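Asks: The opening position of the sequence shown corresponds to residue 1 in UniProt numbering, with each subsequent residue numbered one higher.
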Amino acid sequence: MADTRHQVQSGNGNGLTAILGAGSLGRLWAALLPTGTTTFILRQHAPEEHKPDVTYRFQGCHGSQFPVTVPSMDWTTRHPDVLIATTKAGDTLSALEATLPNLKPTVPVVLFQNGMGSQQAVAERWPNRPIMAASTTEGANRPDNSTTVHAGRGETWIGALTPSASPLVTGVANQLKASGLVIHEEPNILRRLWGKLIINAGINPYTAILDCANGDILDAPLFRETIGQLCLELAEVMHLEGLPPRSPEDMQSQIEAVARSTAKNTSSMCSDVRRGKPTEIDYINGFIVSRARAHNLPAPVNQMLTERVKLRTTKLHEPLS
Ligand code: KPL
């Protein structure tokens, strides 16, 4: 595919999407949005003219491959219409602190973080900005630094977190639909994020502790002995948070179904642990523990999983159980 990404025109209304976070998900969007309409916001402290382009090979779901070159943001000449933040949950607030002073206050920001807690922190920090959250089931990974793979087609839901974002959701969804990915507008994005949180809370920590693919947790004693109680804790916290009732049994079957349908996947948390990177445990099971605490409720299984994942990130070579 010819690479014409250097021909980005500046100015408003050009459909320019700025991407904060050049990980797998950010690279997926950059590869699939029309050539010339994306730019990466790079965080290293270099003068604008020294910031490099981001280049990689992109492999689509059906094996098609093409090279991608995305220019880094030059705030002096370009004015994005949308900013999508695909940073890790734990990095998002500080990345936005560094970025938002450059961005017009009316430009919508879409948060693509896993788990919960970072989205609320951003919406509370900038209540007057149009802030949205997205929940996606698109699968992307980077087998090496120069390759991004679209590992599985999914869907993406986008919804408003702050009042000024509500009228802008349709425009943002349309801009992102140019990628060819399936995008839905979601009037209740928090509910949707909770839905994903249940799955991540019931799969990710087990894979990280046991150092295994998603499907392998299903027969592991650690999973079998604690998943029922984990789902009870989730149901209680969700009830106290005012979410529609979900039975623990229903949550457990859903978790097990996703573990089976993604049996060969390495979860994002397992992959973080393997690469010695910080995990998103504080925004998944750690978030459940903190919401339980806010309601004076114990959440011992979520607590235990949070602690054991943290132990794995500091003691990578401890014996597994
Ligand atoms: O979202 C995921 C993740 O890895 O973070 C699951 C659903 C567990 C798929 O791997």
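Glycine residues also receive a C-beta, built at the ideal position from the N, C-alpha and C atoms.
Predicted model only: the values in this text are computed from it and were never measured.
Can you look up methionine 269 in the DSSP assignment and give me helix, strand or coil?
Replies: Here residue 269 is taken as the residue at index 269 of the sequence shown, counted from 1. In the structure shown, methionine 269 sits in a helix (DSSP, three-state: H, G or I).
Asks: Compare the C-alpha of methionine 132 against each of Glu124, Val258 and Phe40 and name the closest.
Replies: Taking the first residue of the sequence shown as position 1, residue 132 is located at position 132. Cα-wise, what sits closest to methionine 132 is Glu124.
Asks: Considering only C-alpha positions, which residue in the set Leu222, Thr306, Glu97 and Pro130 is nearest to valine 107?
Replies: Translated into the one-based positions of the sequence shown, residue 107 becomes position 107. Looking at the Cα atoms, Pro130 is the closest of the given residues.
Asks: Quick one: Cα of leucine 222 to Cα of threonine 314, how far?
Replies: In the sequence shown, residue 222 corresponds to position 222, counting from 1. In the sequence shown, residue 314 corresponds to position 314, counting from 1. For leucine 222 and threonine 314, the distance between alpha carbons rounds to 20 Å.
Asks: Look at the alpha carbon of leucine 16 and the alpha carbon of methionine 73, and state the distance between them as a whole number of angstroms.
Replies: What you label residue 16 is simply residue 16 of the sequence shown in a count that begins at 1. What you label residue 73 is simply residue 73 of the sequence shown in a count that begins at 1. Rounded to the nearest angstrom, the two C-alpha atoms are 11 Å apart.
Asks: By alpha-carbon positions, which one of Phe58, Glu185, Arg308 and Glu225 ends up nearest to leucine 270?
Replies: Numbered from its first residue, the sequence shown carries residue 270 at position 270. Looking at the sequence shown, residue 270 is not leucine but cysteine. Nearest of Phe58, Glu185, Arg308 and Glu225 to cysteine 270, Cα basis: Arg308.
Asks: So, is asparagine 128 buried or exposed, given that buried needs 16 or more other C-beta atoms within 10 angstroms?
Replies: Locating residue 128 in the sequence shown gives position 128, where the first residue counts as 1. Label assigned to asparagine 128: exposed.
Asks: Once the 5 residues before and after leucine 240 are set aside, which same chain residues still bring their CB inside 6 Å of it?
Replies: In the sequence shown, counting from the first residue as 1, residue 240 sits at position 240. Hits under 6 Å: His295.
Asks: What span of residues does the alpha helix (DSSP H) with tryptophan 29 cover, start to end?
Replies: On the sequence shown, position 29 is the one that residue 29 refers to. It spans 24 to 32 - the alpha helix (DSSP H) in which tryptophan 29 sits, taken as one unbroken run.
Asks: Look at the alpha carbon of leucine 305 and the alpha carbon of serine 267, and state the distance between them as a whole number of angstroms.
Replies: Reading the sequence shown from its first residue, position 305 is the one you call residue 305. Reading the sequence shown from its first residue, position 267 is the one you call residue 267. Roughly 15 Å separates the two Cα atoms.
Asks: From Gln175, Leu111 and Ile284, pick the residue whose C-alpha is nearest to that of asparagine 204; which is it?
Replies: Numbered from 1 along the sequence shown, position 204 holds the residue referred to as residue 204. Comparing Cα positions, the closest option is Ile284.
Asks: Shorter than 6 Å, the distance from the beta carbon of asparagine 265 to the closest heavy atom of the ligand KPL, or not?
Replies: The residue given as residue 265 occupies position 265 in the sequence shown. Yes, the Cβ of asparagine 265 comes within 6 Å of a heavy atom of the ligand KPL.
Asks: When you compare the CB positions of alanine 259 and isoleucine 217, do they come within less than 7 Å of one another, or not?
Replies: Sequence index remark: in the sequence shown, residue 259 carries index 259 (1-based). Sequence index remark: in the sequence shown, residue 217 carries index 217 (1-based). Yes, these two residues count as a Cβ contact at 7 Å.
Asks: Compute every distance between the C-beta of serine 268 and the non-hydrogen atoms of the ligand KPL, then say whether any falls below 6 Å.
Replies: Here residue 268 corresponds to residue number 268 of the sequence shown, with the count starting at 1. Yes, the ligand KPL has a heavy atom inside 6 Å of this Cβ.
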